[in-house]
Amino acid sequence: MKKGEQVTIHDIAKALGIDSSTVSRALNNSTRVSKTTKQKILDKATELGYQRNTLASNLRTNKTNTIGVIVPRISRNFFSSVISGIEETAQKAGYNVIICQSFEDFEKEQKLMETLLSNRVDGVLISISMQTETFDHLMPYLNHGGPIVFYDRPCYIENCSSISVDDYKASFMATEHLIENGCKNIVHFSGPQINPLYKNRKRGYVDALKKHGLNFNENYCLESKLSENDGIVFAKEIIKMGHIDGIYSSNDTAAIAAIQYLKSKGVNIPKDIAVVGFNNDPISSVIEPSLTTINQPDFEMGKTAASLLIQQIQDTSFKKTSKVLDVELIVRQSSQHKKV
Numbered sequence: 001m002k003k004g005e006q007v008t009i010h011d012i013a014k015a016l017g018i019d020s021s022t023v024s025r026a027l028n029n030s031t032r033v034s035k036t037t038k039q040k041i042l043d044k045a046t047e048l049g050y051q052r053n054t055l056a057s058n059l060r061t062n063k064t065n066t067i068g069v070i071v072p073r074i075s076r077n078f079f080s081s082v083i084s085g086i087e088e089t090a091q092k093a094g095y096n097v098i099i100c101q102s103f104e105d106f107e108k109e110q111k112l113m114e115t116l117l118s119n120r121v122d123g124v125l126i127s128i129s130m131q132t133e134t135f136d137h138l139m140p141y142l143n144h145g146g147p148i149v150f151y152d153r154p155c156y157i158e159n160c161s162s163i164s165v166d167d168y169k170a171s172f173m174a175t176e177h178l179i180e181n182g183c184k185n186i187v188h189f190s191g192p193q194i195n196p197l198y199k200n201r202k203r204g205y206v207d208a209l210k211k212h213g214l215n216f217n218e219n220y221c222l223e224s225k226l227s228e229n230d231g232i233v234f235a236k237e238i239i240k241m242g243h244i245d246g247i248y249s250s251n252d253t254a255a256i257a258a259i260q261y262l263k264s265k266g267v268n269i270p271k272d273i274a275v276v277g278f279n280n281d282p283i284s285s286v287i288e289p290s291l292t293t294i295n296q297p298d299f300e301m302g303k304t305a306a307s308l309l310i311q312q313i314q315d316t317s318f319k320k321t322s323k324v325l326d327v328e329l330i331v332r333q334s335s336q337h338k339k340v
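In UniProt numbering, the protein residues as written are 1 to 340.
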């Protein structure tokens with residue numbers, strides 16, 4: 001082999017004094033090669049600087065060893081942690097990851113699915129946008145036999161697996177915590193009700209009120225994309241209402257923005273208004289007062305989602321499954337109301 005030439009399986013075979021076919025089987029992880037021989041071949045391949053021709057291999061198997069991930073906003077700490085879990089699991093299994101952002105826009109999500117289909121990814125992980133109401137844009141990929149796994153925001157489509165948390169339970173827990181701390185007029189910051197996730201969170205909020213004999217007021221359910229600005233807008237509305245003593249927000253971003261605005265207007269948190277968020281973002285533990293919030297196992301969600309997808313890619317007989325992860329209420333200063 002001349003200097004600068006690409007190392008081939010024949011070079012590895014020659015260096016070890018074995019057949020090229022044995023080297024090929026070992027590099028393709030065949031069970032026909034003993035573990036000892038396989039390790040010797042892998043060590044020699046590394047020593048010689050062998051690089052597998054993945055393109056040629058993919059053309060033969062009709063696989064790209066690539067999965068696509070559609071995320072609403074990678075800037076959100078929750079989603080960035082989910083992606084870390086996805087990438088760790090995918091890379092260990094030999095898959096590359098293409099990450100795409102929908103920015104909570106349905107039309108953008110449609111175009112991203114078209115792009116992933118044209119790039120022949122082996123599978124797709126998706127958390128749908130807040131605007132998504134129909135799923136026709138997913139059907140071309142599914143009709144081509146491509147597996148899809150929903151994460152965080154579950155959708156109920158035949159043959160599609162999903163991984164999420166128990167949003168109803170989490171919301172019930174958060175609302176009941178506020179009630180047990182003396183709150184009677186609780187506002188809920190909700191995402192769009194077209195999304196099943198936010199529907200479930202609203203149901204948990206409403207049922208907790210009913211359990212404790214408190215009336216549900218539709219005007220107390222404030223719907224938005226839960227941005228920082230939305231939190232400020234909602235805080236202004238709460239001041240106008242004049243009698244609100246509790247806030248349960250479907251994310252920490254809007255909750256923290258509301259706290260900061262309310263404090264700037266002389267409202268004492270939690271003495272005047274207690275607040276509970278959702279996500280347990282890193283900033284929630286360092287703001288003043290620290291934010292009581294729902295903790296989701298985001299990294300675990302990413303790992304589980306990737307594992308489910310890879311199982312479906314590698315085993316076409318794999319039956320769809322829906323996994324629900326548990327949540328935890330992290331009690332901090334912002335909810336210590338205790339007004340009798």
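In this text, a Cβ means the ideal position worked out from N, Cα and C, and glycines have one as well.
Nearest-angstrom Cα separation, counted from residue j out to residue i
| i | j | result |
| --- | --- | --- |
| residue 115 | residue 27 | 31 angstroms |
| residue 174 | residue 148 | 31 angstroms |
| residue 124 | residue 224 | 27 angstroms |
| residue 7 | residue 50 | 5 angstroms |
| residue 16 | residue 44 | 8 angstroms |
| residue 233 | residue 252 | 15 angstroms |
| residue 55 | residue 64 | Here residue 55 scores only 46 on pLDDT, less than 50, and its place in the model is too uncertain to base an answer on. |
| residue 41 | residue 31 | 14 angstroms |
| residue 142 | residue 135 | 11 angstroms |
| residue 337 | residue 178 | 8 angstroms |
| residue 325 | residue 318 | 21 angstroms |
| residue 304 | residue 279 | 18 angstroms |
| residue 91 | residue 301 | 16 angstroms |
Residue i in three-state terms, based on DSSP
| i | result |
| --- | --- |
| residue 265 | coil |
| residue 177 | helix |
| residue 101 | strand |
| residue 59 | Because residue 59 carries a pLDDT of 45, less than 50, the predicted location of this residue cannot be relied on, and the following value inherits that uncertainty. Helix, per DSSP. |
| residue 223 | strand |
| residue 229 | helix |
| residue 168 | helix |
| residue 119 | coil |
| residue 22 | helix |
| residue 143 | helix |
| residue 85 | helix |
| residue 77 | helix |
| residue 161 | strand |
| residue 341 | Shown here, the chain extends from 1 to 340; a query on residue 341 therefore has no answer. |
| residue 333 | helix |
| residue 340 | Note on residue 340: pLDDT 42, under 50, position unreliable in the model; the coordinate value appears next. Residue 340 falls in the coil class under three-state DSSP. |
| residue 6 | coil |
| residue 31 | coil |
Where the alpha helix (DSSP H) through residue i begins and ends
| i | result |
| --- | --- |
| residue 10 | 9-16 |
| residue 93 | That residue, residue 93, is in no alpha helix (DSSP H); it is neither H nor E in DSSP. |
| residue 299 | 298-314 |
| residue 135 | Careful: residue 135 lies outside any alpha helix (DSSP H) and carries neither H nor E. |
| residue 41 | 35-48 |
| residue 321 | It is not in any alpha helix (DSSP H) - residue 321 carries neither H nor E in the DSSP assignment. |
Given residue i as reference, the closest of the options once Cα atoms are compared
| i | options | result |
| --- | --- | --- |
| residue 255 | 238, 243, 110 and 128 | 238 |
| residue 97 | 25, 274 and 120 | 120 |
| residue 230 | 322, 249 and 272 | 249 |
| residue 199 | 64, 169, 210 and 296 | 169 |
| residue 285 | 330, 42, 20 and 154 | 330 |
| residue 282 | 276, 274 and 295 | 295 |
| residue 297 | 25, 86 and 144 | 86 |
| residue 342 | 48, 23, 73 and 320 | A query on residue 342 cannot be resolved here, the shown segment of the chain reaching from 1 to 340 and no further. |
| residue 315 | 145, 48 and 180 | 145 |
| residue 210 | 184, 195 and 192 | 184 |
Cβ-Cβ distance between residue i and residue j below 8 angstroms
| i | j | result |
| --- | --- | --- |
| residue 164 | residue 204 | no |
| residue 100 | residue 70 | yes |
| residue 167 | residue 197 | yes |
| residue 190 | residue 160 | no |
| residue 202 | residue 188 | yes |
| residue 335 | residue 275 | yes |
| residue 333 | residue 289 | yes |
| residue 112 | residue 102 | yes |
Delimiting residues of the beta strand (DSSP E) encompassing residue i
| i | result |
| --- | --- |
| residue 151 | 148-151 |
| residue 200 | Per DSSP, residue 200 belongs to no beta strand (DSSP E); it is in the alpha helix (DSSP H), 196-211. |
| residue 249 | 246-249 |
| residue 68 | 66-71 |
| residue 329 | 328-330 |
| residue 277 | 274-279 |
| residue 188 | 186-190 |
| residue 294 | 292-295 |
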